[in-house]
Structures are given as structure tokens and as C-alpha cells.
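Enquirer: Quick one: structure below, then a few questions.
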Amino acid sequence: MNGQAPQQQRPQPRPTPGLSPADVAAIIERELVRSHYQPVVSMMAQAVIGYEALARASHPFTGQPVPPPELFRAARACGLLLELDRLCRRKALEGFRALPRRRRDQVVSINFEASLLDQGVAGSNHLLRAVEAAGLDPATVAIEIIESKVRDMDSLQRFVETYRAHGFVLALDDVGSGHSNLERIALLKPDVIKIDRSLVQDLDRHFYKQQVVRALVALGHSIGALVLAEGVERQEEAIAALDMGVNLLQGYLLGRPSEDGGAANGASRGEIGELAACLRQHAMANAVRSKEWGRRLEQVESSLLAMVSGVALADIEARLREMIRVHPWLECVYVLDENGRQVSETVCAPHKINYRGQVLYRPAPKGADQSLKRYYLLLGAGLERYVSTPYISMASGNRCVTVSSWFHAADGRRFILCADFDAETLE
1 MNGQAPQQQR PQPRPTPGLS PADVAAIIER ELVRSHYQPV VSMMAQAVIG
51 YEALARASHP FTGQPVPPPE LFRAARACGL LLELDRLCRR KALEGFRALP
101 RRRRDQVVSI NFEASLLDQG VAGSNHLLRA VEAAGLDPAT VAIEIIESKV
151 RDMDSLQRFV ETYRAHGFVL ALDDVGSGHS NLERIALLKP DVIKIDRSLV
201 QDLDRHFYKQ QVVRALVALG HSIGALVLAE GVERQEEAIA ALDMGVNLLQ
251 GYLLGRPSED GGAANGASRG EIGELAACLR QHAMANAVRS KEWGRRLEQV
301 ESSLLAMVSG VALADIEARL REMIRVHPWL ECVYVLDENG RQVSETVCAP
351 HKINYRGQVL YRPAPKGADQ SLKRYYLLLG AGLERYVSTP YISMASGNRC
401 VTVSSWFHAA DGRRFILCAD FDAETLE
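Be aware that the sequence shown starts at 1, since it is given in the UniProt record's numbering, and climbs by one per residue.
Given below as C-alpha cells:
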């Protein structure tokens, strides 16, 4: 003992079980990383417009595949994350340059480990030099960032601005997942927004997912970004995403990752052609259904108006109850005066009302002010009739479509008949 208190060692984070620091170091030193390329498809162009490069690694001693999440966790734990990330990026660029039959206008998306920006690497220009060394134009390289991994917003913004100035495409990955920040999307103004696969899975079956995707598409387009849906595995998911304004698709439906990128397009042509045929069929069926839906809705609306036109206000509610009895599509009906004040009770079909959350969802009472509702405002602006898009009814919590129309009561005064139709039935 020399009389001095022993220095405390800082606890070192333990690497991922099953992959030692020596394993990670050997993978990096021997460059046991290669890239597989998954096609990104534009259905408007009916073509593969680029690829995402996905890292694949082999264990240095067993030769077995190493799952990328496990490899990156282990690299982070033993302080080799930067070296691994740079190796993966270089391999992605070199492999893309060598893809057979690659078109010069195709783009490669490479993943950038955004948490490294918190370590002060934002100004290194290492990625720019790697792209130049690979002989690629920065305009054909998209940098994918998961912004939620970065705490230092100034570094993230500086990184984005630097690489945008060099001509790179900037993409935000996993948007819509648990930790993504919509404020950062508006601040960074990416060129591409990639909607997370958790939202895309079963998109055609879940109304709430559809509304989130619509909102993300609207946000993306408002800042001039293309919107990509990743993880598309079924035609129905692809069609739903495209119906909502998504620009680009990526997923097993259109091509699995491979070292040759599906021989640079060839493997995806059949899938693209098949999906294009389904889209044409879907569009024609939608047009026929929309025409039939409109015709039936007009017939029902005419019948409803006939039941209240010329009727004394005191007798209106009895007519509303009769409407509910004879028209199975109806969920609720009610009447407003010219000022948007509700002059009847909201008469509802008992079997359609689902009070999930008694406080949030309940029919509006007689006397309620509906003057800020769109179905009143547009009629007040001069329309004779208004049909809403589907929305969640505050009366029931169900998806509904509201049709509002003017009519005259027995005393000659004008009123508005509002009829809420079950959206599921209409579809």
C-alpha cells in the first residue's frame, strides 16, 4: 500500500450477452459486414426508385449471422459504435455502386446512427468523404436518421443543414413510432418521411391508424416532403397507404432485401405489375361504389326531407323518430335553426349508440349551439346541401357521415335537417 486511497473505477457498461468486445472488434477489423438492399417503389412511376441498405454481419469465429440490433447494442456497450457505423456506411455505399444494372437516377438510403451526434461528430464530414471515395453523387444518397435518438438538437440541426447543403437527401425514419417528435419534423424539414411499420401493419383494417397516417401525410406534404410507408407486406396495406396520399412503398410485398438488390429491379417488376393491376381494379371499384353510394344517399335524403318539409315544429321530433325506425342506415337525426341552434332533441337509433366513455360521447341536447360545426357553417355560407367525410361522432363514438340540408317548416321558416349515417354501413 502506498498510503493513497485507491481510485474508483468508473463502471463499464456490459456488452450484449453472446457477443464479446473482442467479437465486435474482430467484426470491424476483418470487415465482416455486408449490405443487403431492399427496393423502394414509386407506384406512380411503377418503378424502383432506390434502395435501403441494411447491414448484415457474420460472427468472426462461428460464421453465423449476427442480428443487427444485437451487434449495434454490443458495439455501443464496448465503445465501438462509431467505428461500426462508419464501416456499415462504407460497405453500403460500395455495394450500391457495384449493384448490377443499377440506374444512375436511383437513390441509396443509408442508416446513420443519430445518437453519435451527441458525441460531437456533426462536423467531421466523414460521410461526405466516404461518398466521394465511393464515386457517388451526394444527390443519390439519402441519410436516414431516427431523430428521437438525439438529445442535442443543435448538433442534429447542424448535421442536417451541412449535408443538405452538399446535396444529400435527408430522411426521417420510424416516424409515428413511440418516441418520434412531430415538432422536430417541422423544424428539420426532411426530404422524406418514413412512416413506421407499426402504423402500416393492418392499415386497411384500423380507422385510427388511418387517421394518424393521413395526418403524417398532410404534415409531410405541407413541408414539401415525400412520404414513404415501410413494412408493407400485403396488397391491402399498400392500397390503403396510397389512398391516403403516401408517395413511396417499401416492404416484403415489393421485394426482400438481397445483396444484388433483386438484380437491381428485376425481382420487383412482377410484384409492381401485380400491385398496379390491383390498384386499377380498386380505383374502378371505388368509382362504381362512390356513384352507387351517392345515389342511395340522395334517395334516403329526399325521403327524409319529405318527412319534415311543411311539418309544424312541434311535430318534428315525432317525424325524426319515424326516420330512425324506417331507415336502418341512420344513427342520429336532429334539426337546427338558421342560427345553428339545435331546436330538437338528438334522436338516435338505440342499437347504434355505444356510450364508451359517458362524458365524452353523448347526443347533444335541445338548445345546443352547433354554429361552429362544418355542416352548419357551409350551409350558412350558401350551400343547399353538405355531405361530410367520415369522422368520429360525439354523439356515439362511432364513425359517421353527416348530411345536412335546408327545409321549410309549416310556418315557412327555414331549418336544417342533420342526419348522421353509420359510415361502416355506407362503405
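Here a beta-carbon is modelled for each residue, glycine too, at the ideal position from N, C-alpha and C.
Do residue 223 and residue 194 come within 8 Å of each other at the CB atom, strictly closer than that value?
Expert: No, the Cβ-Cβ distance between residue 194 and residue 223 is not below 8 Å.
Enquirer: Please list the terminal residues of the continuous alpha helix (DSSP H) segment that includes residue 92.
Expert: Here the alpha helix (DSSP H) through residue 92 covers 81 to 97.
Enquirer: What are the uninterrupted segments assigned as alpha helix (DSSP H) that are 4 or more residues long and contained completely in the segment 182 to 249, given in chain order?
Expert: Complete alpha helix (DSSP H) runs here, min 4: 182 to 188, 197 to 200, 207 to 222 and 235 to 243.
Enquirer: With a CB to CB cut of under 7 Å and the five nearest residues on each side skipped, what residues in its chain are close to residue 423?
Expert: 390, 399, 400 and 401, listed in sequence order.
Enquirer: Assuming contact is defined by CB atoms lying nearer than 8 Å, are residue 366 and residue 396 in contact in what I supplied?
Expert: The answer is no: Cβ separation not under 8 Å.
Enquirer: Below 8 Å between beta carbons: does that hold for residue 49 and residue 83?
Expert: Result no, Cβ atoms of residue 49 and residue 83 do not sit closer than 8 Å.
Enquirer: Which of the three DSSP states, helix, strand or coil, is assigned to residue 281?
Expert: Reduced to three states, the DSSP call for residue 281 is helix.
Enquirer: Taking DSSP's pairing of strands, which residues face residue 330 in a bridge?
Expert: According to DSSP, residue 330 bridges with 421.
Enquirer: Taking only the alpha-carbon atoms, compute the straight-line gap between residue 108 and residue 140 and give it to the nearest angstrom.
Expert: Those two C-alpha atoms are separated by around 6 Å.
Enquirer: Go ahead and label residue 61 buried or exposed: buried means 16 or more other beta carbons lie within 10 angstroms of its beta carbon, across all protein chains shown.
Expert: Burial call: exposed.
Enquirer: Give me the residue from 149, 242 and 58 with the minimum Cα distance to residue 66.
Expert: That would be 58, whose Cα lies nearest to the Cα of residue 66.
Enquirer: Shortest alpha-carbon distance to residue 233 belongs to which of 371, 102 and 204?
Expert: Checking every option, the nearest Cα to that of residue 233 belongs to 204.
Enquirer: Return the CA-CA distance between residue 170 and residue 282, expressed in angstroms with no decimal places.
Expert: Taking the straight line from one Cα to the other gives about 33 Å.
Enquirer: Taking the runs of the beta strand (DSSP E) that are 3 residues or longer, which of them lie wholly in the segment 14 to 47?
Expert: Here the runs fully enclosed are 33 to 42.
Enquirer: Give me the residue from 298, 361, 341 and 345 with the minimum Cα distance to residue 315.
Expert: When each option's Cα is compared against that of residue 315, the closest is 345.
Enquirer: Going by DSSP in three states, residue 52 sits in which element: helix, strand or coil?
Expert: In this structure, residue 52 counts as strand in the three-state DSSP scheme.
Enquirer: Taking just the CA atoms, how far does residue 310 sit from residue 209?
Expert: The alpha-carbon atoms of residue 209 and residue 310 are separated by roughly 44 Å.
Enquirer: Do residue 136 and residue 97 count as a contact pair if the criterion is CB distance below 8 Å?
Expert: Contact flag set, yes.
Enquirer: Go ahead and pull the three-state DSSP assignment for residue 292.
Expert: Helix at residue 292.
Enquirer: What did DSSP end up calling residue 144 once you bin it into helix, strand or coil?
Expert: Residue 144: strand per DSSP, three-state reduction.
Enquirer: On the premise that residue 279 lies in contact with residue 242, defined as a C-beta separation below 8 Å, what is that separation, rounded to the nearest angstrom?
Expert: Contact holds; Cβ gap of about 7 Å.
Enquirer: Express the C-alpha separation of residue 253 and residue 235 in angstroms, rounding to a whole number.
Expert: C-alpha separation (whole angstroms): 7 Å.
Enquirer: Sorted by chain position, which residues of the same chain lie with C-beta nearer than 7 Å to residue 192's C-beta, five sequence neighbours on each side aside?
Expert: These residues qualify, in order along the chain: 142, 169, 171, 225, 226 and 228.
Enquirer: Expressed to the nearest angstrom, what Euclidean distance is found between the alpha-carbon atoms of residue 176 and residue 322?
Expert: The alpha-carbon atoms of residue 176 and residue 322 are separated by roughly 45 Å.
Enquirer: With a 10 Å radius around its C-beta and 16 neighbouring C-beta atoms as the bar for buried, classify residue 6 as buried or exposed.
Expert: For residue 6, the predicted model reports a pLDDT of 37, less than 50, meaning its position is unreliable; a value from the coordinates is still stated below. Label assigned to residue 6: exposed.
Enquirer: Between the C-alpha atoms of residue 8 and residue 160, what's the straight-line distance to the nearest angstrom?
Expert: For residue 8, the predicted structure reports a pLDDT of 40, less than 50, and the residue's modelled location is therefore unreliable. The matter cannot be settled from this model.
Enquirer: Whose C-beta lies closer than 6 Å to the C-beta of residue 403 among residues of the same chain, with five residues either side of it excluded?
Expert: Only 301, 387 and 419 meet the Cβ criterion.
Enquirer: Return helix, strand or coil for residue 163, following the three-state DSSP convention.
Expert: Residue 163 falls in the helix class under three-state DSSP.
Enquirer: Going straight from the alpha carbon of residue 33 to that of residue 372, what length do you get?
Expert: The straight-line gap from Cα to Cα measures roughly 60 Å.
Enquirer: Going by alpha carbons, who is nearest to residue 201 out of 182, 410, 220 and 238?
Expert: Selected option, being the one with the closest Cα: 238.
Enquirer: Counting only the same chain and skipping the five closest in sequence on each side, list residues whose C-beta sits under 8 Å from that of residue 116.
Expert: So the list reads 81, 82 and 85, once near-sequence residues are dropped.
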